[in-house]
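See below for the structure under consideration.
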Amino acid sequence: MKCKIFTTMILAFALGLMANAQSFTRQWDQSNSTGTRPDWVNYLTRGIAATPDYLFIASRDSTTFSQSDPKEVTQTIIYLNPKTGDPVGILNTSSIPASTWAINMIEVTDKKEILACSLALYHEQWVPDGTWTFYIYKWADENATPEVFLSYDNPDHLRLGDSFTVKGDLAGDAIIYVPIHNSAKVVRWEVVSGVLNTTPEVIDLSGTTEGDTFGFPQVVATGASKTDPFYYNATGTLLKKYNADGTLIEEIKSYNFLPYPGYISCADNAITSFELAGEPYMAALSLQLAQQTGQVEAKAINISNGLSEAKYPFYSQSLGAADNNQYNGDICSVVIDDEVWVFLLYCNSGYAAFKANAPVATPTIPVTEAGWRMGSHPTLDLIDGNLSKPNWIDHNVKSLAVGNDHIYVASGPSQGGLAEVHILNAADGVKLDKMLNVTPLNEANSASDRRIADIEVDDAGHILSCNERTGGPFNIFAWDDEDSAPYLLISADGIPYADEPDAGATWQQTSYTLDVKGDIKGDAVILAIRSNTAVTYRWVITGGVLQNEGNPIVATNAIGNTQGHFGAFASAALESADPNSAIWANSDLIHPMRFAADGSLLGAVPAEVATNTSQPYRTAVCKYFEWEAKKYLVEWNWVWADHNRLIDVTANDLSTLTSDNQSEIGTYLGQAPNPERYGDVDYFIGDDGSLNIVTLVTNNGIRLDRYAGTGTAIARVTKDQLSIYPNPASNRLYVSSEAGASKVEIISVAGAVVKTLNNPTTEAINVSDLKTGIYFVKVTSNDG
Numbered sequence: 007m008k009c010k011i012f013t014t015m016i017l018a019f020a021l022g023l024m025a026n027a028q029s030f031t032r033q034w035d036q037s038n039s040t041g042t043r044p045d046w047v048n049y050l051t052r053g054i055a056a057t058p059d060y061l062f063i064a065s066r067d068s069t070t071f072s073q074s075d076p077k078e079v080t081q082t083i084i085y086l087n088p089k090t091g092d093p094v095g096i097l098n099t100s101s102i103p104a105s106t107w108a109i110n111m112i113e114v115t116d117k118k119e120i121l122a123c124s125l126a127l128y129h130e131q132w133v134p135d136g137t138w139t140f141y142i143y144k145w146a147d148e149n150a151t152p153e154v155f156l157s158y159d160n161p162d163h164l165r166l167g168d169s170f171t172v173k174g175d176l177a178g179d180a181i182i183y184v185p186i187h188n189s190a191k192v193v194r195w196e197v198v199s200g201v202l203n204t205t206p207e208v209i210d211l212s213g214t215t216e217g218d219t220f221g222f223p224q225v226v227a228t229g230a231s232k233t234d235p236f237y238y239n240a241t242g243t244l245l246k247k248y249n250a251d252g253t254l255i256e257e258i259k260s261y262n263f264l265p266y267p268g269y270i271s272c273a274d275n276a277i278t279s280f281e282l283a284g285e286p287y288m289a290a291l292s293l294q295l296a297q298q299t300g301q302v303e304a305k306a307i308n309i310s311n312g313l314s315e316a317k318y319p320f321y322s323q324s325l326g327a328a329d330n331n332q333y334n335g336d337i338c339s340v341v342i343d344d345e346v347w348v349f350l351l352y353c354n355s356g357y358a359a360f361k362a363n364a365p366v367a368t369p370t371i372p373v374t375e376a377g378w379r380m381g382s383h384p385t386l387d388l389i390d391g392n393l394s395k396p397n398w399i400d401h402n403v404k405s406l407a408v409g410n411d412h413i414y415v416a417s418g419p420s421q422g423g424l425a426e427v428h429i430l431n432a433a434d435g436v437k438l439d440k441m442l443n444v445t446p447l448n449e450a451n452s453a454s455d456r457r458i459a460d461i462e463v464d465d466a467g468h469i470l471s472c473n474e475r476t477g478g479p480f481n482i483f484a485w486d487d488e489d490s491a492p493y494l495l496i497s498a499d500g501i502p503y504a505d506e507p508d509a510g511a512t513w514q515q516t517s518y519t520l521d522v523k524g525d526i527k528g529d530a531v532i533l534a535i536r537s538n539t540a541v542t543y544r545w546v547i548t549g550g551v552l553q554n555e556g557n558p559i560v561a562t563n564a565i566g567n568t569q570g571h572f573g574a575f576a577s578a579a580l581e582s583a584d585p586n587s588a589i590w591a592n593s594d595l596i597h598p599m600r601f602a603a604d605g606s607l608l609g610a611v612p613a614e615v616a617t618n619t620s621q622p623y624r625t626a627v628c629k630y631f632e633w634e635a636k637k638y639l640v641e642w643n644w645v646w647a648d649h650n651r652l653i654d655v656t657a658n659d660l661s662t663l664t665s666d667n668q669s670e671i672g673t674y675l676g677q678a679p680n681p682e683r684y685g686d687v688d689y690f691i692g693d694d695g696s697l698n699i700v701t702l703v704t705n706n707g708i709r710l711d712r713y714a715g716t717g718t719a720i721a722r723v724t725k726d727q728l729s730i731y732p733n734p735a736s737n738r739l740y741v742s743s744e745a746g747a748s749k750v751e752i753i754s755v756a757g758a759v760v761k762t763l764n765n766p767t768t769e770a771i772n773v774s775d776l777k778t779g780i781y782f783v784k785v786t787s788n789d790g
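Just add 6 to wherever you are in the sequence shown, counting from 1, and you've got the working numbering.
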């Protein structure tokens with residue numbers, strides 16, 4: 007019997023959008039990324055603040071320049087046009103005593119008063135003219151002469167001035183926070199009715215943990231009173247919200263914020279807050295991470311449900327990489343003409359302005375009986391001129407897994423990049439507000455590896471991931487559920503290529519793919535595969551206990567090809583949770599082959615059934631499953647323009663398979679560059695018995711293709727049997743069926759039948775009365 011697949015024909019454009027999308031839009035950029043960084047932005051450039059009229063940039067550079075042409079000079083504080091970035095003038099600093107750290111950071115009040123602080127630090131070797139006295143200077147406006155607003159003798163010799171925060175009106179009520187470098191404390195001054203309380207409060211912060219560090223801390227005040235809560239962050243600790251007395255209210259989830267989930271040692275230490283569409287957001291610039299990765303970017307997240315439930319992160323373009331071992335830089339925000347502007351400064355990289363765009367009204371990803379898609383196809387995925395592919399599906403996205411009614415999409419660059427795992431609803435593709443906690447995984451997996459190479463879900467809903475091992479141990483982490491932290495399930499190092507002890511002591515590129523069957527808390531089997539060898543590794547779990555002291559069963563598989571190995575991008579799939587389960591393997595050098603547990607060959611899928619043999623690369627990913635009393639393989643390969651191939655492998659003798667046993671399924675997501683040929687495919691059987699295939703393609707998107715069961719097979723109409731043209735259509739549509747058509751239905755994306763023709767002829771169908779959009783054509787042949 008043929009393996010029959012139902013293919014839906016699309017009449018017009020398939021449309022879609024991200025849910026709750028918001029973004030930063032670059033307004034101007036004078037940075038390394040655009041090659042326009044001015045010379046006066048150097049390693050001493052430190053702080054940034056803005057009013058609707060001016061953008062102020064502070065520098066530690068105390069050199070005196072002529073003020074006749076501020077576009078060509080630098081000074082302690084320069085001010086610019088916030089809408090263009092062009093220098094306008096420099097503040098008068100002549101009355102401030104010359105000192106290495108006389109001016110360190112800058113802020114503005116709600117009434118546009120300008121404040122700058124010194125750095126209270128003394129070190130005989132580094133800065134002989136340093137001082138422990140802490141100063142804040144005030145300018146009434148950009149043309150004023152500064153006056154000393156605050157002078158603090160600092161009897162405890164606290165390092166103050168790496169940042170400071172002011173909220174309110176200095177002529178009325180205001181609050182000033184100065185966090186202490188390398189200490190879980192902040193100093194607070196209060197201004198009441200224009201009078202400064204010169205004796206500050208030193209507030210101890212609760213909720214810190216052992217190992218937290220507090221480098222370059224920053225505070226964001228929520229109000230102008232000392233009774234109002236505040237936010238605090240620093241390198242080495244998570245963003246937290248505190249009561250006025252320093253008791254902890256809540257903190258961000260490490261895996262749900264930025265710059266990368268769980269990378270606590272690079273917490274975002276430059277922060278600002280603003281509102282979009284009436285909802286509060288926190289934006290950040292991680293100075294330390296920017297130094298390490300070159301990702302000098304603004305990052306924002308919605309905190310309307312509190313820090314612990316932060317959601318919808320979005321990013322700006324980067325300012326470009328630059329050396330910045332002193333972590334000098336800042337972020338600020340201001341409302342200009344009813345729009346939120348966010349400004350970034352990163353010394354040696356430059357500065358730039360972005361508009362923060364309010365979230366769009368939550369659109370619906372088109373979901374039909376055939377599934378849903380978010381892709382980059384130039385016609386199928388366009389809506390209002392925009393592609394539906396979300397920005398987070400980029401060149402670092404590699405693998406996915408389906409389970410618990412969700413789709414888990416793993417992302418992480420190779421060679422030191424940090425992993426993250428996004429969570430989508432399987433039914434409609436909508437991205438959840440939360441992500442998997444990957445903190446222990448990122449910390450444990452070697453920076454020389456891809457920290458997550460593959461992700462899978464066992465039959466009980468536990469989530470597993472493995473690294474692509476090129477340096478450190480091969481690790482498999484597991485999550486009991488998507489709200490828990492991962493734990494190390496398996497760690498292996500120095501495993502030889504095969505069973506023989508002298509076969510080799512190292513292994514490379516293990517593993518591109520992982521598979522699991524069963525319940526890791528009960529009985530299960532886990533399979534990993536080596537690329538560029540013919541080796542697979544099998545771990546057996548019995549009664550929740552890992553067998554063989556955690557060592558894998560190593561099998562050299564008898565593939566029999568002239569190269570003697572699988573080739574690159576090898577993939578393997580288990581048939582069951584039986585410890586001796588047969589497996590399927592394939593890669594760029596072999597078509598799918600079935601092996602016994604000991605590695606002996608049980609059969610191979612013929613080339614004409616497996617894939618298009620004219621292409622240089624064969625299948626990259628395969629999955630095995632049983633459905634409606636049949637056995638199937640589903641294969642994915644980027645070379646086929648992101649199509650999948652479904653193969654009926656029920657026959658005991660695989661050599662008897664013919665082209666009737668295979669079908670190419672799904673429409674391609676696009677062909678954006680994918681030089682590493684990354685992507686993945688997984689499946690689930692719906693409650694209604696439908697087969698659901700989920701496909702991920704690096705840089706191109708993700709889709710779900712749904713196929714309804716018939717009790718014996720899936721209905722399929724091939725291109726040779728059916729012709730629908732033109733596509734897209736504007737006035738007339740022609741439907742021609744080799745078997746003859748008893749009915750043609752045109753269906754909207756909402757599932758409504760908008761036009762029905764019974765016993766149609768080859769005459770044209772008038773579609774000029776239909777609105778432009780997505781339609782599906784359902785053709786019922788005369789033979790049913």
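Where a beta carbon is used, it is the ideal one built from N, C-alpha and C, also for glycine.
Grab the span of the beta strand (DSSP E) containing residue i for me, first residue to last.
{"i": "Val-197", "result": "191-198"}
{"i": "Val-783", "result": "781-787"}
{"i": "Leu-533", "result": "530-535"}
{"i": "Val-546", "result": "541-548"}
{"i": "Val-655", "result": "Taken as a continuous stretch (DSSP letters only), Val-655 belongs to no beta strand (DSSP E), as it is neither H nor E."}
{"i": "Ala-250", "result": "Run containing Ala-250: none; DSSP gives neither H nor E here."}
{"i": "Leu-580", "result": "577-580"}
{"i": "Ala-847", "result": "Coverage of the chain is limited to positions 7 through 790, which leaves residue 847 absent and any answer about it impossible."}
{"i": "Gly-95", "result": "93-96"}
{"i": "Ser-754", "result": "747-754"}
{"i": "Asn-431", "result": "426-431"}
Would the beta-carbon of residue i fall within 8 Å of that of residue j?
{"i": "Val-340", "j": "Ala-579", "result": "no"}
{"i": "Val-687", "j": "Ile-671", "result": "no"}
{"i": "Tyr-287", "j": "Ile-309", "result": "yes"}
{"i": "Gly-418", "j": "Asn-443", "result": "no"}
{"i": "Tyr-141", "j": "Pro-206", "result": "no"}
{"i": "Ala-591", "j": "Phe-575", "result": "no"}
{"i": "Gly-707", "j": "Gly-685", "result": "no"}
{"i": "Cys-472", "j": "Ala-459", "result": "yes"}
{"i": "Glu-184", "j": "Val-193", "result": "Reading off the sequence shown, one finds Val at residue 184, where the question assumed Glu. It is a contact, given that the beta carbons lie within the stated cut-off."}
{"i": "Ser-101", "j": "Pro-44", "result": "no"}
Short of 8 Å in beta carbon distance, which residues of its chain neighbour residue i, apart from the five on each side in sequence? Order them along the chain.
{"i": "Gly-41", "result": "none"}
{"i": "Tyr-85", "result": "Tyr-60, Leu-61, Phe-62, Ile-63, Pro-93, Val-94, Gly-95, Ile-96, Leu-97, Glu-148"}
{"i": "Ser-324", "result": "Ser-39, Gly-300, Gln-301, Val-302, Glu-303"}
{"i": "Ile-337", "result": "Ile-54, Ala-276, Ile-277, Thr-278, Ala-289, Ala-290, Leu-291, Ala-304, Val-348, Phe-349, Leu-350, Leu-351"}
{"i": "Ile-764", "result": "According to the sequence provided, residue 764 is Asn. The question's Ile does not apply to it. Closer than 8 Å at Cβ, skipping near neighbours: Ser-748, Lys-749."}
{"i": "Phe-155", "result": "Leu-121, Ile-142, Tyr-143, Lys-144, Leu-176, Leu-202"}
Excluding the 5 residues preceding and the 5 following residue i in the sequence, name in chain order all residues of the same chain whose CB lies nearer than 7 Å to its CB.
{"i": "Pro-612", "result": "Ser-661, Leu-663"}
{"i": "Lys-191", "result": "Val-208, Ile-209, Asp-210, Leu-211"}
{"i": "Ser-74", "result": "Note on Ser-74: pLDDT 43, under 50, position unreliable in the model; the coordinate value appears next. Taken in chain order, the list of residues that qualify is empty."}
Quick one: what's got a C-beta closer than 6 Å to residue i's C-beta in the same chain, skipping five residues either side?
{"i": "Ser-29", "result": "Phe-320, Asn-363"}
{"i": "Gly-573", "result": "Ser-593, Asp-594, Leu-595"}
{"i": "Gly-377", "result": "Leu-710, Asp-711, Arg-712"}
{"i": "Ile-342", "result": "Pro-58"}
{"i": "Ser-72", "result": "Because the pLDDT of Ser-72 is 38, which lies under 50, any placement of that residue in the model is unreliable, and the number read from its coordinates should be weighed accordingly. Nothing meets the Cβ criterion."}
{"i": "Ile-532", "result": "Val-522, Trp-545"}
In the DSSP assignment, find the alpha helix (DSSP H) that holds residue i and state where it starts and stops.
{"i": "Ala-450", "result": "445-450"}
With DSSP as the reference, identify every bridge partner of residue i, one or two as the case may be.
{"i": "Val-403", "result": "Ser-417"}
{"i": "Gln-224", "result": "Asn-239"}
Can you find a heavy atom of the ligand FMN that lies under 7 Å from the Cβ of residue i?
{"i": "Ala-588", "result": "The model on display carries no ligand, and the ligand FMN is accordingly not part of it."}
Does the CB of residue i have a neighbour CB from chain C at under 8 Å?
{"i": "Lys-404", "result": "This model lacks chain C altogether, as it is built from one protein chain only."}
Requested in this report: Just list the beta strand (DSSP E) runs in the region 286-367, keeping only unbroken ones of 3 residues or longer that don't cross its boundaries, in chain order.
Outcome: The qualifying runs are 305-308, 317-321, 335-342, 345-352, 356-363.
Just list the beta strand (DSSP E) runs in the region 149-220, keeping only unbroken ones of 3 residues or longer that don't cross its boundaries, in chain order.
Counting only runs of 3 or more, we get 153-158, 171-174, 180-185, 191-198, 207-210.
What runs of the beta strand (DSSP E), each 3 residues or longer, lie entirely inside the region 587-639? Listed in chain order, they are 589-592, 599-601, 607-610, 627-633.
Item to complete: Could you pull out every unbroken alpha helix (DSSP H) segment of at least 4 residues lying fully inside the region 463-502, listed in chain order?
Response: At a cut-off of 4 residues, not a single continuous stretch assigned as alpha helix (DSSP H) sits fully inside the region 463-502.
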